[in-house]
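Just below is one structure, and these are the notes that go with it.
Residue numbers (UniProt numbering): 1 to 189.
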């Protein structure tokens, strides 16, 4: 698969269970709830072999979202720049990292990320790395971990060894991080 889509839903207070219930259990759909970061947020993740295939599946998924529970929706299409971890049980917490890049820097950031990835993957798995297809140029990556302790230990080891993060800070404008919990019937859990 070479494309992914994220749909970030900011949910009205008290309505997260309604949204999660309406969306989980769908084939190939990752459903995560923000635990650390913006609260009352649900992140949906799905993939397709082609960009056209990704766009074809979007209307049905958007139609399934309970409209009365939603405050805002942010849809982004991505091109995968790393192998995709197949759907399945991979950890109790997922880390979402997203970086807004300066204009004209996508190639440099993508190259540095891809080059730094092999030694980092020796420490833990990666759902995927991806760059935005439309809108503001962004790089995002999603990491599964057994729990927060494993995340803290692996991240500290990667930084201390110098293999991570990629040397891209001068190419970035904004950095975002969130800890997400997989819904019970999420494709990636």
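Backbone N, C-alpha and C define an ideal beta-carbon position, used for all residues, glycine too.
Checklist entry - What did DSSP end up calling residue 185 once you bin it into helix, strand or coil? => result Residue mapping note: residue 185 aligns to position 185 of the chain shown, counting from 1. In this structure, residue 185 counts as coil in the three-state DSSP scheme.
Checklist entry - Is there contact between the stretch 99-119 and the stretch 28-42, where contact requires at least three CB pairs shorter than 8 Å? => result Contact fails: fewer than three Cβ-Cβ distances are below 8 Å.
Checklist entry - Could you check where the alpha helix (DSSP H) with residue 157 kicks off and where it finishes? => result If you number the chain shown from 1, residue 157 lands on position 157. It spans 148-161 - the alpha helix (DSSP H) in which residue 157 sits, taken as one unbroken run.
Checklist entry - What is the rounded straight-line gap between the Cα of residue 9 and the Cα of residue 73? => result Position 9 of the chain shown, counted from the first residue, corresponds to residue 9. Position 73 of the chain shown, counted from the first residue, corresponds to residue 73. When rounded, the distance between both Cα atoms is 5 Å.
Checklist entry - Contact check, residue 120 vs residue 78 under 8 Å by CB: the rounded distance? => result As a working note, residue 120 is residue 120 in the chain shown. As a working note, residue 78 is residue 78 in the chain shown. 19 Å between Cβ atoms; not a contact.
Next on the checklist: Under DSSP, the beta strand (DSSP E) around residue 4 begins and ends at which residues?
Outcome noted: Counted from its first residue, the chain shown places residue 4 at position 4. 3-11 is the extent of the beta strand (DSSP E) around residue 4.
Next on the checklist: Quick check: what's the CA-CA separation for residue 127 versus residue 7?
Outcome noted: Stepping through the chain shown from its first residue, residue 127 is reached at position 127. Stepping through the chain shown from its first residue, residue 7 is reached at position 7. If you take the alpha carbons of residue 127 and residue 7, they lie about 16 Å apart.
Item to check | Alpha carbon of residue 139 to alpha carbon of residue 150, nearest angstrom | outcome: For the purposes of this step, residue 139 is taken as the residue at position 139 of the chain shown. For the purposes of this step, residue 150 is taken as the residue at position 150 of the chain shown. Taking the straight line joining both Cα atoms gives about 24 Å.
Checklist entry - beta strand (DSSP E) containing residue 140: first to last residue? => result What you label residue 140 is simply residue 140 of the chain shown in a count that begins at 1. Residues 138-145.
Checklist entry - To the nearest whole angstrom, what separates the beta carbons of residue 29 and residue 82, a pair I think is in contact under 8 Å? => result By one-based count along the chain shown, residue 29 stands at place 29. By one-based count along the chain shown, residue 82 stands at place 82. Between residue 82 and residue 29 the Cβ distance is about 20 Å, and since that is not below 8 Å, they are no contact.
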